[in-house]
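K.L.:
Residue numbers (numbering that gives the first Met the number 0), protein chains in the order written: chain A, 0 to 308; chain B, 0 to 308; chain C, 0 to 308; chain D, 0 to 308.
A virtual CB, placed ideally from N, CA and C, is assigned to each residue, including glycine.
It should be emphasised that the depicted structure is a prediction, and the values quoted were computed from it without experimental measurement.
Protein chains: 4
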Amino acid sequence: MSPRKPRFSGVIPPVITPLTPDGEVDAASLERLVEFLIEAGVDGLFALGSSGEAAFLTDARRDKALEVVVRAAAGRVPVLAGCIETTTTRVIERAQIAGKLGADAIVVTAPFYARVHPVEVDRHFRVVKSAVGLPLLAYDVPVSVHTKLTADQILSLAADGVVDGLKDSSGDDAGFRRVVRGAARFAEFSALTGHEVMVDAMMLAGADGVVPGLGNVDPHGYVRLFRACAEGRWDDARAEQDRLTDLFRIVEAASAATAGGSTRGVGAFKTALALRGVIAHAAVTAPMRELTDEETRVVAARLEEAGLL
Amino acid sequence: MSPRKPRFSGVIPPVITPLTPDGEVDAASLERLVEFLIEAGVDGLFALGSSGEAAFLTDARRDKALEVVVRAAAGRVPVLAGCIETTTTRVIERAQIAGKLGADAIVVTAPFYARVHPVEVDRHFRVVKSAVGLPLLAYDVPVSVHTKLTADQILSLAADGVVDGLKDSSGDDAGFRRVVRGAARFAEFSALTGHEVMVDAMMLAGADGVVPGLGNVDPHGYVRLFRACAEGRWDDARAEQDRLTDLFRIVEAASAATAGGSTRGVGAFKTALALRGVIAHAAVTAPMRELTDEETRVVAARLEEAGLL
Amino acid sequence: MSPRKPRFSGVIPPVITPLTPDGEVDAASLERLVEFLIEAGVDGLFALGSSGEAAFLTDARRDKALEVVVRAAAGRVPVLAGCIETTTTRVIERAQIAGKLGADAIVVTAPFYARVHPVEVDRHFRVVKSAVGLPLLAYDVPVSVHTKLTADQILSLAADGVVDGLKDSSGDDAGFRRVVRGAARFAEFSALTGHEVMVDAMMLAGADGVVPGLGNVDPHGYVRLFRACAEGRWDDARAEQDRLTDLFRIVEAASAATAGGSTRGVGAFKTALALRGVIAHAAVTAPMRELTDEETRVVAARLEEAGLL
Amino acid sequence: MSPRKPRFSGVIPPVITPLTPDGEVDAASLERLVEFLIEAGVDGLFALGSSGEAAFLTDARRDKALEVVVRAAAGRVPVLAGCIETTTTRVIERAQIAGKLGADAIVVTAPFYARVHPVEVDRHFRVVKSAVGLPLLAYDVPVSVHTKLTADQILSLAADGVVDGLKDSSGDDAGFRRVVRGAARFAEFSALTGHEVMVDAMMLAGADGVVPGLGNVDPHGYVRLFRACAEGRWDDARAEQDRLTDLFRIVEAASAATAGGSTRGVGAFKTALALRGVIAHAAVTAPMRELTDEETRVVAARLEEAGLL
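1) For C/Glu84, does the count of other Cβ atoms within 10 angstroms reach 16, so buried, or fall short, so exposed?
2) Would you mind giving the Cβ-Cβ distance between C/Thr262 and D/Glu119, rounded to the nearest angstrom? I have them listed as a contact below 8 Å.
3) Could you tell me the distance, in whole angstroms, from the CA atom of D/Thr57 to the CA atom of C/Asp159?
4) Taking only the alpha-carbon atoms, compute the straight-line gap between B/Phe247 and A/Phe247 and give it to the nearest angstrom.
5) With distances taken Cα to Cα, identify the nearest neighbour of C/Met287 among D/Arg3, D/Ala80, D/Val106, D/Arg122.
6) Have a look at A/Ala227 and A/Ala236 and give me their C-alpha separation to the nearest angstrom.
7) Starting from the Cα of B/Arg296, find the closest Cα among B/Arg61, B/Thr244, B/Ile278, B/Ala273 and give me that residue.
8) Counting Cβ pairs, one atom from each stretch, are 3 or more of them under 8 Å apart for the region 8-20 of chain D and the region 45-53 of chain D?
9) Measure the Cβ-Cβ separation of A/Gly259 and B/His280 and say whether it is below 8 Å.
10) The beta strand (DSSP E) with A/Leu79 in it runs from where to where?
11) In this structure, how does DSSP classify C/Glu304 when only helix, strand and coil are distinguished?
12) Report yes if the CB atom of C/Lys128 is closer than 8 Å to the CB atom of C/Asp139, and no otherwise.
13) With distances taken Cα to Cα, identify the nearest neighbour of D/Asp292 among D/Gly276, D/Ala267, D/Ala305.
14) Can you list, in chain order, the residues of its chain whose CB lies under 6 Å from that of D/Pro17, leaving out five sequence neighbours each side?
15) Is there at least one Cβ from chain D nearer than 8 Å to A/Val78's Cβ?
16) Along the region 53-64 of chain B, where does the CB come closer than 7 Å to a CB of chain A? Name the residues.
17) Nearest-angstrom Cα distance between B/Ser168 and A/Leu224?
18) Do B/Ala157 and B/Phe185 count as a contact pair if the criterion is CB distance below 8 Å?
19) Please decide whether A/Arg263 counts as near chain D, where near means a Cβ-Cβ distance under 8 Å.
20) For B/Val106, I'd like the list of residues in its chain whose CB is within less than 6 Å of its CB, leaving aside the five on either flank, ordered along the chain.
21) Cα separation between D/Pro77 and D/Ala97?
22) With DSSP as the reference, label B/Met0 as helix, strand or coil.
23) Which residues, in order along the region 12-32 of chain D, keep a beta-carbon less than 8 Å from a beta-carbon of chain C?
24) Name the DSSP beta bridge partners of C/Ile105, please?
25) Would you call the CB atoms of B/Lys269 and B/Val250 closer than 8 Å?
26) Using a Cβ-Cβ distance under 8 Å, would D/Val140 count as near chain A?
27) Strictly below 9 Å CB to CB, what residues from chain B border A/His123?
28) Quick one, which residues of the region 189-202 of chain D are near chain A if we go by CB-CB under 8 Å, in chain order?
29) Which residues of chain C have a Cβ atom closer than 9 Å to the Cβ of B/Arg237, listed in chain order?
30) Output the residue ranges of the alpha helix (DSSP H) runs that lie fully inside the region 228-290 of chain A and measure 4 residues or longer, sorted by chain position.
31) The beta strand (DSSP E) spanning B/Leu44 covers which residue range?
32) Determine whether the Cβ of C/Val210 lies closer than 8 Å to any Cβ atom of chain D.
33) Mark B/Lys99 as exposed unless 16 or more other C-beta atoms lie within 10 angstroms of its C-beta, in which case mark it buried.
34) Measure the Cβ-Cβ separation of B/Val68 and B/Val33 and say whether it is below 8 Å.
35) Using a 10 Å radius around the Cβ and a threshold of 16 neighbouring Cβ atoms, would you call A/Arg176 buried or exposed?
36) Can you tell me whether DSSP reads A/Val142 as helix, strand or coil?
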């Protein structure tokens, strides 16, 4: 077996989309964020993922965000573009636009809202791939899609050249590991974990890279973590992971009594980036809400503990 | 208490969207379907609901379908338009277009894909309503949205003039009944059940109307059923309901081993309408599949049993 | 087709198990409760159901409770005994004891805790039936068992003489209705709904009887409701159902912030019966908790509204 | 901080319960199995867990199985006893018997079947602990219990001396890791993972031990794996884990079309042990079924691949 050369690997943060207070894409902040991430040493950028508020932005704003990321990246690292839509033809529309805007790959979930059979999930990926020439990563995020992609589904699609990688945000580490083992025979397949508090463990298990929402806030930490793993320094990796896991608790700053998971995650990442001076505003899209002053202080305190303020 | 005058009541089928074999909206078939429904005596039309493949159609096709329904209805019955989108600003975009195209009301779900708190679901409806002047019906369809709207949420939104009715496809008849009881004090609130096999029971419980997917196929039956209920002929109602429940088994024609709920429902309704000569093709959007010849024969047999062929 | 003669029909409350403050079965209170129910006109008694705290009582207390109910009923109405156990051999043990203690039928759920396939659920009922001579009602309570019995499963078991009826606490009224229709050909099959806020609707749909937890508290109301339905007085039935539905809100007295569904239901029923003077104590088994004084006042207020204090 | 000395650590297989063809505990086979495990170097035995068919055995058979394990272990390794019952008083009964039979600790789940609030789950563990003197491990197995124990719940109970460890079969590795980190301050707390295909990763994350169902079949492999982890030989650990993960596919031998998770797991482990000559019969309790001859051949083939036949 020839050595694996995954097309996408390393640290690939799902770039958040900074907004102005009136809800438009804040291009200047987004450019600064991209610069911040690339300078920290990330290996790619994933625009318009769940952290990028893809499900919250109008199509015009989605396009604007992707355009800015591609331009700011300027070919230094590849840009993956989320095409988060309910069903096949809608995904294809977004994917074709992503291609025109310069994305290097598309990231596609199973259908949602629609009630589909696994056979139809399989068809979905095949029809999208045949309509769009770009590399395609399957995005497994059952907390949003309410369908789990199985290892068998992904490996079968990979065998047929339909999917070129997996972005796993399922929390099912054993399932991810089955994909990793099964994909060992596909030279370019990219097995990326979105499980930002398990990177050391998933790297031990053979992941090619990581797509950490928290990587927006502390890209240097994830770059260190990835390198420690890649060099087999597992004790260092665990220590860095533990530090990042503590930092990850910024997602608990917004009260679970008034904020859903999207607000708690994206809202906290944006708040932290505003506090760090990378973006101008912590604004989020309705029906999410911005963090309160008190919640912002909690985020600030954790950033300080982590030495990031 | 003044007598109730719900704004929307009676039989309001969720109109399916006929397609040409290459996936475009088949305007001629859709016009015939609207005529077929209105002649059967329905009281309104719900375009771009789940049965209307809203989640499967591109925006251009959604617009086309709504435009045809409004034009064909020609003001004889009100047209409700589904605005099925993941979050608030995306719903508002669709709702504004629906208004321009002549819809009499919009039908809106809780956010989906996004992970939101009930407080955020509440905010979602309020922001949409304040941005759009039209009557707004909340669409409770947890099988697709994966969030259940509670009776308390809906009644609170109704009390504040945010929602003007409920289209309940939750299967939670007790919850629907709580809305019905609580909404008795809102003169114009429309409590519509989508539970097409429980219409007699839900009418006994005080529903104002019904939105039956199967009503595309047998509108005359649902009109008879609604009238029997309205006139207190409960034995007649039950008999008609039982007949329609048997007919509803056309949704079991497509094999559960290869077809999801969307295919089994919408695919069967379209197949039945093609067999009845109302629409030209039974085509559905990917990743759904059309019924096979054998499955079509099962639909035909049930239509014959029901005296509809 | 010969006229149906369901073996068990009418109002069959799931009898709660009164306890002394130290957790033993309070036989005197239980005798008074049985007398209260029979004098109100109920048609049967279901001991050791979910409302009877079957899952909370030790085997010795289960036996004691059933023994008291059978003795107090004294043959005036049939006694059904819940055999709530994880798997087949454990159910059989309980069922054999129930038979010895004089139960007229056993009520059995699908396996729980165990992870079983529908084929194994089917086998479960068959093995239990073949080991125990008594009539067997399937108890469909997915909120506790986390498996839904399908209409097809139940009708197949009924056709083979394995189950003699259904106690449906699934909230899936459409599924219940399918059983009712399908069971029309089984002369003695008993279709009992546990959906205490939908009795009128379920009777319209063809139910044979009702097993209302709230029937412990207001058996007279459920007897009136059942008779109105049986006599086709549907407006009277709806009015009585609406009154009982309001009363049912006693299950909201215990705070959802500190009490689970079992406490909120059984705790409220016991509190109401203590307030009405039928039982001596409102004690419940750990880890449930008794209602607080303030919560008890809420129950009392609702009883007064309902004219029951 | 003093160095941690977890009371229970290393490899602690959940011992299966061999049965005779007529369903009685096969004491001779169970003795051989205990000997086989201890000779392989395991550090403890967990009797009457899910793999031990606790939910399937009558109380008499449960007692018999525990008695045999304790006697066969003869004090060489500690014996943990599952007390798998629906609610508090029933657990206490089982726990008191376990104590009398010589168990060194009890393993207790949250209540099941009962519908309880997290506050009640907390009370459950506290009441059990105060009634039983033995060390108590919380058993988190949501696939059976349908309640997830949170890290905060467990750590709060640990801080108060109520739980002395965790047996985690939730598949939520991030949650397990939070317990591990939080429990670092409790000198004797035992963090045991049941995630048998993630042992290397969980050891990297700080687990104290592992409770692998598959450890019945290949205890030598798990002992090697544990030692590699303990000695920081992570590449060796991964290789051993990968080998065991492949072997774990024996749980796919029984067809998912006719067998539930319990049958597929326990049935396969017993079949493998019978093939290896450790136990006499692969019999399981109803409603599970024994593996077919063809399925048995699949298990045999995997054992051969793994060098175990």
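P.N.:
So, to answer that:
1) buried
2) Right, the Cβ-Cβ distance comes to about 7 Å (below 8 Å), so this counts as a contact.
3) 27 Å
4) 50 Å
5) Looking only at D/Arg3, D/Ala80, D/Val106, D/Arg122, the smallest Cα-Cα distance to C/Met287 is reached by D/Arg122.
6) 5 Å
7) The option with the nearest alpha carbon to B/Arg296 is B/Ala273.
8) Flag = yes, the region 8-20 of chain D and the region 45-53 of chain D touch.
9) no
10) Looking at the DSSP string, the run of the beta strand (DSSP E) that includes A/Leu79 is 78-81.
11) In the three-state DSSP reduction, C/Glu304 falls in the helix class (H, G or I).
12) no
13) D/Ala267
14) Asp25, Ser28, Leu29, Ile278
15) no
16) Ala54, Phe55, Thr57
17) 48 Å
18) yes
19) No, A/Arg263 lies away from the interface with chain D (no Cβ there is under 8 Å from its Cβ).
20) Leu79, Gly81, Leu136, Tyr138, Lys166
21) 13 Å
22) With a pLDDT of 45 at B/Met0, under the threshold of 50, the modelled position of this residue cannot be trusted; read the value that follows with caution. Here B/Met0 sits in coil by DSSP.
23) Gly22
24) C/Ala80, C/Leu135
25) no
26) no
27) Simply Ala285, Pro286.
28) The region 189-202 of chain D vs chain A, Cβ under 8 Å: His194, Val196, Met197, Asp199, Ala200, Met201.
29) Going along chain C in sequence order, the residues near B/Arg237 (Cβ under 9 Å) are Leu203, Ala204, Gly205.
30) The region 228-290 of chain A contains these whole alpha helix (DSSP H) runs: 233-246, 267-274.
31) 44-46
32) Under the 8 Å criterion on CB atoms, C/Val210 is classed as non-interfacial with respect to chain D.
33) exposed
34) yes
35) buried
36) helix
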